Structures are given as structure tokens and as C-alpha cells.
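So the structure is just underneath, and the comments pick up after that.
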Amino acid sequence: MRIRHVVAAASGALLVASLAACGGGAAASGGGEKVQGGTIVYGHEQEPPCIFGGWVQQAYISRNILDSVVTMADDGSIKPWLATAWKISDDGLTYTFTLKPGVKFTDGTALDAQAVADNFAYWEKGGNSTAKVSIDPYFKAARAIDATHLEVTLNKPYLPLLQMISQAYFGIQSPTALKRSDQLNCEDPIGSGAFKVQEWKHGQEVVLTKNPDYTSWPATAKHEGPAIVDTVRWKFLNDAVSRYSSLATGETNVIYDVPTVNWKDAKTKYDVQQYITPGKPVSIYLNTVNGIFTDKSVRQAFAYGADRKAAVEAAFHGVIPYEGNPSVSQSTPGYNASVAGAYAFDQPKANELLDQAGWTTRDAAGYRTKDGKQLAVKFTYPAGSVFTTEGATVLQILQQQWKQVGFNVTLIPETQAETFAGKYSGPKAYDAQPWYWTSPSSAILWIVWRPDTKESPNGSNSAFYNNDQLSTVIQAGNSAATTEEANAKYAEAQQIIQDNAPAVGLYTQTTSIASARNLHDVWLEKSQGEPVFADAYFTK
Amino acid sequence: MTAIALPYRAALRLRPATVVSVLVVAVLVVALIAPGLLTTRDPNAIDLQSTLLSPSWSHWFGTDDAGRDLYTRVVYGTRESFGIGLGATALAMVIAIVLGFVAGLARGFVDTVLSRILDVAFAFPVLLLALLLIAIRGPSLGTVIVAVGIGSAPGYARMVRGQVLHVRQAGYIQASHALGHTRWAVIRQHLFPNAMRPLVAMMTLGIGQSIVWASGLAFLGLGVAPPSPEWGALLDAGRAAITTSPWLEILPGLVIVVATLALTSLGRTLQHRLEGAAR
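Read top to bottom, the protein sequences are chains D and C.
Under UniProt numbering, residues 1 to 540 are what the first sequence spells out, in order.
Under UniProt numbering, residues 1 to 279 are what the second sequence spells out, in order.
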């Protein structure tokens, strides 16, 4: 067995030494007197259906309650968390994790290797759909060797396994608690994290209280020990204007998703952080099996036909970057920067492609037609839950530009209820639909572009684009022996996607927070950009 | 009747509020029928070099985040906002007339059942009913018209029923029956026109109210699809920039207020006028 990675549990000790003094009255790094205790009021945007689950909005909060086996550092490397070290077999099929001893869930259950193995089984049984698709079909089994050693075996080598399980979707829950009803687990998941759920006032806030017995902080933590503040009030302030105003009035200490129109102002008044999350950026899936986009030339014309870069820069006031690569965001390891420049705004080229595709005539309104049929695009998008006001403005700008080359794009904003009910899913429901998917690895390519077949459906392949060559190349990347080899394959996959245009790039999925200047050490973790409050403290 | 009505009409002509209301509604009607007479711009024309400009001579209401001229969008939005107001009020009236006349004419058990149903429906806030319908059918122009129309109908239906009950007691109705006119003839020639008279004014008031409700739904993102310049949709689109570009909220908001006040004022005037004529 070749040891690929062994990391000492104390690797973060030097980092945290200067911040470890938690007693009241200690000097803070940013000036002022450090306060022990207090309540952080955090203004978040979306209220999730459960406090853990497979949506990033669930991961945001569960990251503060559940600990994971490993975590991701700022440089993208994997660091210890519940696991202090791990070994990977030469064939890449067996991972042996050494777990931190003596860790307990907040219900008193021991967090041992069996508990982690039970969580893998729970995810595979559908307990967390995103966790499942993130390791399928590579994951084979997880078993406890003894109390502190866990063995995870794979069907095929899967190089991004550690990156994938660093996401909060893989937060470990008490197996005792998981035996409770789904409703109880939804409302009050039991982990070993820095905070536990005290109360969920639906429609208003989740109140998190400090876990005083916390012992299992990650190597990336900014201090050792339980959380410094006593309480985090995780408030749901969906309206961006109210959320931003709440900082000025002192109703919140920190907010999520600073409105881009206020970004410049926020930088002068608050401590701001912005993180371009890795994974699939916000890009537009084009339906390749039904409607006008079955023709590759029409898809390419759609990509050429609008100035996506200018639209993004205008609508987001230059705060959120344009992303021309539709499959992998620029902050993702393995990103192919060369494909991002494809399909730059070129309406003559779009017109040429549409002419060649037979859309040569125009109706009275100026839209192209072919055999009496209009070049119409039914464009559905999840308003609010995925698309902010700025995102909706981008689409309206593009709609007018697509009109110039002859596309009649009808924008259909979906309500959150419609999105969750799947009203606009399936190949008959739309021609174009934008989505994002945060993920710390280019392995997101497999989740999204795995062929959608009857035998093995892939509901995440929203372009319904099946390409055997693409599938082979992504799998080669996933099972590569080295990161360099994997990245080369992922880059090739991104090129195939861009060449065939089953999706069109728009902008990066970006996390931002603004915090009052007397609040310190709220940080964004790197796999998905969740705000972490375990190290945060006030100064006076 | 004529002796009272003539001085009353003369007095109406002198009321400044009435004159202003008529002028405002006249402008709105022009915007509704021929918006091109009030602006030469395209309401959806994008200009990325001119985003979020404050009001000026070249852009009276400023521009939005896509560089669209807000004044032009407000002008073109009249068609949808008024369309919803007219459509919803017309639908509400049709429902109200059918239910109100059936209840008022049938009386007895049918009247009791219909009246209780209307009481229950009336107790529901219009917006709540509208939200329920939109949740089932999904947001669209048609759904908003139907939702606001159905939501407003119970109030009108109770009014129609009351009018029918009131008018059917009138002496000329009794006389018509005594003269041997058929029931249908009495309803068609006497009862219907007289029962409907006050409702003409109520319809005018209702249009303004429906515009406000529809704007509220659009503000919640449950109205017509983008890039519609419907007034409530303009408010919804502009609220993100309320602290930096307040004209995006203030100016369309003022238009909604002025249009609704003008329609309400005109409705009240008509109401008084018709009541005067009925004396």
C-alpha cells in the first residue's frame, strides 16, 4: 500500500496559535478588545426546506452544525477534519481513514468509524441525493476496521473522492439521530459541529447555539476550541434591499449575497468577502433532443447571437465575472481557460449559421422562420431561488439581442414552488434553461454530462445531451492516476462540450458576505463558499 | 329630474379635480391605444452604455439597469396595466351579474345558498385568492386577469343582488307586472337597466383597484412575464436599486397612484352623477 497522503492532526496548530486565546478581554488581531460570547445575527437569503440536504442552500447552514471527514484549504489541498490522516492504496481503490478519537455527537453518541460508515450507507440509500451522485458509481462500500479506522472501497479509481467528500453534503450525522423520523432530522440534524440547532422559527430564522463540548475543529479553523460566540441567529431575509439595509441599522452583523448595486458602498463601510465558487457556473442548457436546438448550428448561433459578456458586466455592475465556459467555472481545478473565449459576440456569424441551417425567412415581427415554423425559444428559469434580479436583467438584455438575429425568446420565470415541483423538467418542457452546480472538482462534469439513458437516467443532464466520447473522456479524468492527467482529460471534455454547444456560458456562481467591522473571522470555506461562524468573535 | 340634473352637470364642469381626472384618464387612454404618440422610443430597447441614468431631458424618468428608457416603459406599460384592470373588472362584473341576478330574483333557498357562498368568498382577501389561483395555474397575464377578476367578483355580486332586491320593489316594476308584461320583459326592459346603473360607477372604481392589485402581484414576481413594462413589474425590477436609483421606484409608483386616483375620482363623480340622475 502506497501512502499518498498522511497528515498530522496538529497541522493547523501554528496557524491558530496567535488566535487561540479565547478568554474575554484578549487583544484581537484586527484591533479592539476581543469579546467572549455574544450573538451573531446573520442575514441569509433563502430558507431551505431542511437544515441539511443536497441543495447548496442546505449546505450553507449544515456546514456549521455537521463536521465532515476532510476539508479543503484555501489552496485547494485537502486537510484533516474528522480524519486526522488517510492512506490510498496503489490501485486507488481503497481509502483508509484514521479518525480523531473521542469525538461525540451532541446527542452523546460516539463519532467513530462505524458512525461514518453508517453515514455513507445513508447517503447511498438516498439520504442525500447530491452526496450520492457525487460518488456514484465509484463508491462500493464503507466499513469500520475498528473504532478509529474507516475503510472506503471503490469500484473504480476516483481521484476527486477527497475533494468531493469535503463538501458539506457529506456532513456526518449521529446514526442514533438518523433513526428518528425524517421530519425530526430535517428540523434538527444532530452532528458534532461547533453549533447545534436550538430552534427553527419557520419563515424567520434558525437559532444555533454553541456546542460547548466541541473538540473536532478542522485543520483550516482559525482557532482551537468551541465557538467563541454563544449564538448565531440565522435569519432569512430574502429581499436584497432589506438584507443590505439591515447591516446599516444594526439588525444584522453579517449578511450573505451583497447586492451588486451596493457592492462599492459595502466595501467602504463593511468587511466584504467574495468567493467565486468552483463547479458548474450559471450557464444555459439547450435542449438537444427536442425543438430547434437539436440542430448544433442553431445552438452555436444562439451562443454567438448575444453579447453575454457585456450583458453580465452591465447587469452585475462589474462585480460578478462573466464565464464563457459553460461546463466548469474559472475557480475549479482543471478549468480549461481556452474554451471560455469561444462564441464571442458575433451576430454576422450567428446569421450565417442560421441561414445555413435553413432559417432563411423572417415573419412580420422579424423572427426567423423555416417551413412556416418560427425560430422560437421557450426559456424557463428559476426566478428568485437561482436567478436574482440582476440575473433576470441579463436574460432580458440577451433576449433583445437574440431577437436581432431572429430568435423569439419567451422568458418564463418559475416560482420556487414550480421549480421544486419539477414543472419545467423533461425534454418537452423547455428549449433553454439556466442552472449552476457548486462543486470543488471538475468531476462535476460527470454529474452533469453523464449520459441520460433509460437504464441509467441522469436528471442532472438538463441538455439531454448524450455523447459517448464525452462520457469516456470524463471517466478517464475521474480515474486518472495523477492530477495532471485528470486535468488534461477534464480540459478535453470541456472542449468537446464547447464545440458541440449543448450549453452556453453566462456568469460565475459567486458567494459574497459583508460583515460589521466589530465582527471578525467569519470566513468562507473553499469547497462551496459557506460562511463559517465557529471562529468568529466580536471586539469592543 | 332635468331641473336637478342640469345645474349638477354645470357644477361638475367647474370641479378642478374632475377636470384633472378627465385629463389624466385621457392621457392614459392615448397611451393605451396609441403609445407611439407619447414616445418615439422602443420600450424594450437596450442601451448598455446608458444604464441607471437619473431623470433628465433626454430620459424624463431616467433609465433602468438595462439602459431602457423608463418613461417609454411606463407609457407602454399602460396597455398591460389597464388591460388587466379592464379585463379583471369585466370578468368580475360578468360573474357578479350572473350570481347577483340569480340570487336576487330566485330568492328563497337559492338566494340563501348563493349569499352564504358569496359571504365566505367575500371574507377572503382578494390577493389571497389571487395567490391561490396563481399557485395552481402559474403566473401569466391571463392568470392575473382571472385571479383578480374572481377575487373581486364577490363584492360586486353582493352589490348586484342588493340592487336587484331594491329595484324589484320599485313601483314601476309592480306596474309593469300589473300591465301584463312577461317576467323576462320586465327583467330586460326595467329591472336590468335600473339595477345596473350604479354599477357603471363601481366599474370605474374597480378598474383602478384592479390595477393596484395586479401591480401588487407583479411586484411579488407573480405577474406578467418579463420584459413586460407592466407597472407593478417595473416596481419589482427597480426595487433592488432603490437606494442607489430611487427613481426606478418613485416614478412608476407615482404613475400608479395618479392613475388610480384619477379613475377613483372619475368613478365617484360618475356615481354622484348617476345617483343625481336617478333622483
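Here a beta-carbon is modelled for each residue, glycine too, at the ideal position from N, C-alpha and C.
Model, not experiment: these values are computed from the prediction.
Look at D:S283 here: in three-state DSSP terms it is strand. As DSSP reads the structure, D:I172 sits in a beta bridge with D:D67. About 6 angstroms separates the Cβ atoms of D:V206 and D:I61, confirming a contact at the 8 angstroms cut-off. The region 400-409 of chain D and the region 360-367 of chain D touch, with three or more beta-carbon pairs separated by less than 8 angstroms.
Per DSSP, the beta-bridge partners of D:E199 are D:V207. The region 238-301 of chain D contains, as complete beta strand (DSSP E) runs of 3+ residues, the segments 254-256, 271-276, 279-286 (chain order). Taking D:W446 as reference, the option from D:T84, D:Y138, D:D67 with the minimal CA-CA separation is D:Y138.
Distance from the Cα of C:P139 is smallest, within the candidate group D:A227, D:P413, D:A110, for D:P413. Against chain C, a Cβ distance below 7 angstroms from D:A310 picks out L48.
Nearest neighbour of D:H149 by Cα position, chosen from D:A113, D:G171, D:L159, turns out to be D:A113. For C:T18, no beta strand (DSSP E) encloses it; the enclosing alpha helix (DSSP H) starts and ends at 16-33.
A residue is called buried once 16 or more other Cβ atoms fall within 10 Å of its Cβ, and D:E33, having fewer, is exposed. Secondary structure note for D:A350: its alpha helix (DSSP H) is the uninterrupted segment 347-356. In the three-state reduction of the DSSP assignment, D:D90 falls in the coil class, being assigned neither a helical nor a strand state. The three-state secondary structure of D:R143, taken from DSSP, is strand. Pairing D:D188 with D:T176, the inter-Cα distance amounts to about 13 angstroms.
A Cβ-Cβ separation of about 15 angstroms leaves D:V258 out of contact with D:L519 under the 8 angstroms criterion. Residues of chain C with a Cβ closer than 9 angstroms to the Cβ of D:T415 are, in chain order, I134, A135, G138, P139, G221, L222. The beta-carbon of D:P175 is placed no less than 8 angstroms from the nearest beta-carbon of chain C. Going by C-alpha positions, D:Q167 is about 15 angstroms away from D:T511. Positions of the alpha helix (DSSP H) runs, each at least 4 residues long and wholly inside the region 127-198 of chain C, are given as 141-167, 171-178, 183-186 in order along the chain.
Distance from the CA atom of D:W359 to the CA atom of D:Q300, rounded to whole angstroms, is 14 angstroms.
Relative to C:V212, the option among C:V29, C:T78, C:D42, C:A195 whose CA is nearest is C:T78. Between D:Y304 and D:Y343 a beta carbon distance of about 5 angstroms is seen, short of the 8 angstroms cut, so the two are scored as contacting.
Selection D:T415, D:Q404, D:A536 evaluated against D:T388 yields D:T415 as nearest (Cα-Cα). One finds A315, T393 in chain D with Cβ atoms closer than 7 angstroms to the Cβ of C:D65, taken in chain order. Taking a Cβ-Cβ cut-off of 7 angstroms, the neighbours of C:I242 in chain D comprise V241, given in sequence order. Scanning chain D for C-beta atoms nearer than 8 angstroms to the C-beta of C:P246 yields nothing, as the closest lies near 11 angstroms away. DSSP places C:R68 in no alpha helix (DSSP H); its state is neither H nor E.
By the C-beta density criterion, C:W184 is exposed, having fewer than 16 other C-beta atoms within 10 angstroms.
Taking the beta carbon of D:V261 as reference, the chain C residues within 7 angstroms of it are A240, A241, T244, listed in sequence order.
Cβ-Cβ distances below 6 angstroms link C:G149 to A88, L91, A92 in the same chain, with the five nearest sequence neighbours on each side left out; the list follows chain order. The three-state secondary structure of D:S512, taken from DSSP, is strand. The DSSP-derived three-state label of D:W446 is helix. DSSP lists no beta-bridge partner residue for D:T472.
Scanning the region 103-130 of chain C from its first residue to its last, no whole beta strand (DSSP E) run of 3-plus residues comes out.
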